[in-house]
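*Asks:* To start, I am sharing the structure in question, which I have written as C-alpha cells.
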Amino acid sequence: MVMWYTLPHMINAEVTRAGNENALSMLRKFTRRIQGMQLVRKTRDGRYHVRPQSAALKKKRAIKRIAKIATIKQLIKDGKMAEAPVRGSQNNAKKE
Numbered sequence: 004m005v006m007w008y009t010l011p012h013m014i015n016a017e018v019t020r021a022g023n024e025n026a027l028s029m030l031r032k033f034t035r036r037i038q039g040m041q042l043v044r045k046t047r048d049g050r051y052h053v054r055p056q057s058a059a060l061k062k063k064r065a066i067k068r069i070a071k072i073a074t075i076k077q078l079i080k081d082g083k084m085a086e087a088p089v090r091g092s093q094n095n096a097k098k099e
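All residue numbers in the sequence shown are consecutive under this note's numbering, ending with 99.
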C-alpha cells in the first residue's frame, strides 16, 4: 500500500508500508510527512493570491474614474442630478 499526494507545482509526498504496518499508522506517517514538508501551508498561502495589476490597466481605470467624476459634476451643474448629502452631517448638526 502506497499513499502519495501531488500539488500543482509537483511536490510529492510518498509513504510506503513497512512490514505489517496498519492503515492508521500509515495515515499518521503520511500526515507527519505532509506537515514536515509544509505543503498544506504553502497551498493555503496561494489560495487568495491576487496578481498585481498592470500599469496599462491602472491607467485605463484611472481614466474611466476621472471621466465618471467629470460626468457626475456636469450633471449636478446642469441640475439633472442631486448632490449627494454629506455623510454624518446630521450627527454634526445635533452636537453644535
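Where a beta carbon is used, it is the ideal one built from N, C-alpha and C, also for glycine.
Using 8 angstroms as the cut-off, can you tell me whether the stretch 15 to 27 makes contact with the stretch 35 to 47, which would need three or more C-beta pairs spanning the two stretches below that distance?
*Replies:* As far as the Cβ criterion goes, the stretch 15 to 27 touches the stretch 35 to 47, which means the pair count is three or higher.
*Asks:* Measure the alpha-carbon distance for residue 69 versus residue 63 and round it to whole angstroms.
*Replies:* Position 66 of the sequence shown, counted from the first residue, corresponds to residue 69. Position 60 of the sequence shown, counted from the first residue, corresponds to residue 63. One C-alpha to the other measures close to 10 angstroms.
*Asks:* Rounded to the nearest angstrom, how far is the Cβ of residue 75 from that of residue 84, given a contact under 8 angstroms?
*Replies:* Here residue 75 is taken as the residue at index 72 of the sequence shown, counted from 1. Here residue 84 is taken as the residue at index 81 of the sequence shown, counted from 1. Yes, residue 75 and residue 84 are in contact; Cβ-Cβ is about 7 angstroms, under 8 angstroms.
*Asks:* Please list the segments of the alpha helix (DSSP H) lying wholly inside the stretch 35 to 92, counting only runs of 4 or more residues, in order along the chain.
*Replies:* As far as the stretch 35 to 92 is concerned, its whole alpha helix (DSSP H) runs of at least 4 residues are 42 to 48, 58 to 81.
*Asks:* With 16 other CB atoms within 10 Å as the buried threshold, where does residue 99 fall?
*Replies:* The residue labelled residue 99 in the question sits at position 96 within the sequence shown. Summary for residue 99: the model assigns pLDDT 49, below 50, so the residue's position carries little reliability, and this model does not support an answer.
*Asks:* Which value, in whole angstroms, describes the spacing of the CA atoms of residue 20 and residue 35?
*Replies:* Counted from its first residue, the sequence shown places residue 20 at position 17. Counted from its first residue, the sequence shown places residue 35 at position 32. Using only the alpha carbons, I get a separation of about 15 angstroms.
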